[in-house]
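Peer 1:
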Amino acid sequence: MKKRNVLTIALLFFVLICAYAVPSKALVLDFYDNVAAPPGFYSLLYLNYVDQPKLVDNAGRNIQGGPGGDQDYDLSAEIAILRPVYYFKGLGMLWAFNAIVPYGKVQARDLATGDKESSTGLGDINIGPAVFLYQNDKTMTYVSFWEFVSLPTGDYSKDRARASGANMGYNHVFLEHELAFSTSFVENSKVSYDMNINYFTHFNGPDIHPADVLECEGILGYGITSSLRAGIYATYWAELEKAKMFGVEYDKRTFFSVGPSIAYSKEKWGVNFRWVEDVMAKNGPEGRQFFLRFNYSF
Numbered sequence: 011m012k013k014r015n016v017l018t019i020a021l022l023f024f025v026l027i028c029a030y031a032v033p034s035k036a037l038v039l040d041f042y043d044n045v046a047a048p049p050g051f052y053s054l055l056y057l058n059y060v061d062q063p064k065l066v067d068n069a070g071r072n073i074q075g076g077p078g079g080d081q082d083y084d085l086s087a088e089i090a091i092l093r094p095v096y097y098f099k100g101l102g103m104l105w106a107f108n109a110i111v112p113y114g115k116v117q118a119r120d121l122a123t124g125d126k127e128s129s130t131g132l133g134d135i136n137i138g139p140a141v142f143l144y145q146n147d148k149t150m151t152y153v154s155f156w157e158f159v160s161l162p163t164g165d166y167s168k169d170r171a172r173a174s175g176a177n178m179g180y181n182h183v184f185l186e187h188e189l190a191f192s193t194s195f196v197e198n199s200k201v202s203y204d205m206n207i208n209y210f211t212h213f214n215g216p217d218i219h220p221a222d223v224l225e226c227e228g229i230l231g232y233g234i235t236s237s238l239r240a241g242i243y244a245t246y247w248a249e250l251e252k253a254k255m256f257g258v259e260y261d262k263r264t265f266f267s268v269g270p271s272i273a274y275s276k277e278k279w280g281v282n283f284r285w286v287e288d289v290m291a292k293n294g295p296e297g298r299q300f301f302l303r304f305n306y307s308f
């Protein structure tokens, strides 16, 4: 077999095992996200831009392909995410119900042919309830549990999954179990800390046997003024087992990302900007993401 054919087959297998272009990360944690809000309706809008040009192997080495063998994976995405949340009281506790509705475009390169492929439209919709297990309003310390069900409503192509992985949808159901924590440590503190521990339980789909995932994310903030807050965000995301797609088993993916965050908020509205840089990636896309979030309370 010619060397060129061997390289093409190797690239096809590597792209196949990395076929989830945008992993099921949360990455939506901002300052005071986990505090107990007064009962009522809240609306959040996220604008997310993904720029992950590299596709790296288990050692973090960049994998290139295309006709000349010198083209990057070039994953990019522009996604708008609408998240309505309703808080209410019942049984002496604070509850919430929310939905996450993404819409946008994701594109990536088929490293075997060099062609760019894209997916445009609705992503997978997430819905679910939450309950607040502990509240201390003086120190703004709260513990809550959130459950999300991800429905396979997103644009998906089996051919794209095999070639570039550029799909808005996952074509299978998964659950996200989230334990959320928030605190300002002491009364009247300018410091805030929010943390999520997320466990993703993936169910098998057609030709897909995905791995369960553990993600830990946190954001530490400092109040510069009563309205302006700045800080740093970090997340660690890891598959807990090997997964299989179209009969091919692939290595576990791992990511560690950090970046600055700044927010301006008033009584009924706020805006947040966050930049998240991948400082470590294994067996997946590597680069950066930008988030602009608007929130309003009715």
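By the count of the numbering used here, the sequence shown reaches residue 308 at its end, each step adding exactly one. Here a beta-carbon is modelled for each residue, glycine too, at the ideal position from N, C-alpha and C.
Would you kindly report the start and end of the unbroken beta strand (DSSP E) that includes A240?
Peer 2: 238-249
Peer 1: With DSSP run on the structure shown, which of helix, strand or coil describes A273?
Peer 2: strand
Peer 1: Could you tell me the alpha carbon to alpha carbon distance between Y42 and A273, rounded to whole angstroms?
Peer 2: 10 angstroms
Peer 1: Quick one: what's I135 bridged to in DSSP?
Peer 2: L161
Peer 1: Using the C-alpha atoms, what's the distance from Y232 back to R239?
Peer 2: 6 angstroms
Peer 1: Using the three-state DSSP reduction, which class does K115 fall into: helix, strand or coil?
Peer 2: strand
Peer 1: Whether or not the region 144-157 and the region 91-100 are in contact is what I'm after, with contact meaning three or more pairs of Cβ atoms, one per stretch, closer than 8 angstroms; do they touch?
Peer 2: no
Peer 1: Measure the C-alpha to C-alpha separation of Q74 and Y56 and round it to an integer number of angstroms.
Peer 2: 31 angstroms
Peer 1: My understanding is that C226 touches T245, with C-beta atoms under 8 angstroms, so please give their C-beta distance in whole angstroms.
Peer 2: 7 angstroms
Peer 1: Excluding the 5 residues preceding and the 5 following K12 in the sequence, name in chain order all residues of the same chain whose CB lies nearer than 6 angstroms to its CB.
Peer 2: Its pLDDT being 42, under 50, K12 is placed unreliably by the model, and nothing is read from it.
Peer 1: Apply the 10 Å Cβ neighbour rule to Y180 and answer buried if 16 or more other Cβ atoms are within range, or exposed otherwise.
Peer 2: buried
Peer 1: CB P220 to CB L65, shorter than 7 angstroms?
Peer 2: Not in contact: P220 and L65 (Cβ atoms no closer than 7 angstroms).
Peer 1: Who does L92 pair with in a DSSP beta bridge?
Peer 2: L55, V111
Peer 1: Considering only DSSP beta bridges, list what Q74 is partnered with.
Peer 2: Looking at the DSSP assignment, Q74 forms no beta bridge with any residue, so it has no partner.
Peer 1: If you reduce the DSSP assignment to three classes, tell me which class K168 lands in.
Peer 2: Taken through DSSP and simplified to helix, strand or coil, K168 comes out as helix.
Peer 1: Just curious, the beta strand (DSSP E) that K292 is in, first and last residue?
Peer 2: 279-292 is the span of the beta strand (DSSP E), which, as asked, contains K292.
Peer 1: Apart from the five residues on each side of it in sequence, which residues of its chain come closer than 7 angstroms, Cβ to Cβ, to A20?
Peer 2: With a pLDDT of 44 at A20, under the threshold of 50, the modelled position of this residue cannot be trusted; read the value that follows with caution. The answer is none, since no qualifying residue turns up.
Peer 1: Among residues of its own chain, excluding the 5 on either side of Q117, which ones have a beta-carbon nearer than 7 angstroms to its beta-carbon?
Peer 2: Apart from sequence neighbours up to five positions away, the residues of its chain that approach Q117 with a beta-carbon distance below 7 angstroms are S86, K126, E127, S128, A176, ordered along the chain.
Peer 1: Thinking N44 and F191 are a contact (beta carbons under 8 angstroms), I'd like their distance in whole angstroms, please.
Peer 2: 6 angstroms
Peer 1: Would you say F300 and Y59 are within 7 angstroms of each other, going by their C-beta atoms?
Peer 2: yes
Peer 1: DSSP three-state label for A140, please.
Peer 2: strand
Peer 1: For my contact list, L250 and D288 are in at a C-beta cut-off of 8 angstroms; report their separation, rounded to the angstrom.
Peer 2: The pair is not a contact, with the Cβ atoms about 20 angstroms apart (cut-off 8 angstroms).
Peer 1: Return the Cβ separation of R298 and D61 in integer angstroms, given the expectation that the two are a contact with Cβ distance under 8 angstroms.
Peer 2: Correct: roughly 5 angstroms between the Cβ atoms.
Peer 1: What do you reckon, are the CB atoms on D134 and A173 nearer than 7 angstroms?
Peer 2: no
Peer 1: In angstroms with no decimal places, state the Cα-to-Cα distance between Y306 and D40.
Peer 2: 14 angstroms
Peer 1: To the nearest angstrom, report how far apart V268 and N208 are at their CA atoms.
Peer 2: 17 angstroms
Peer 1: Could you name the residues of the same chain whose beta carbon sits closer than 6 angstroms to that of D217, not counting the 5 residues immediately before and after it, in chain order?
Peer 2: F256
Peer 1: Could you tell me the distance, in whole angstroms, from the CA atom of A140 to the CA atom of A122?
Peer 2: 44 angstroms
Peer 1: Cutting at 8 angstroms between CB atoms, please list the residues of its own chain near V286, excluding the five before and the five after it.
Peer 2: L37, Y243, T245, S267, V268, G269, R298, Q299, F300, F301
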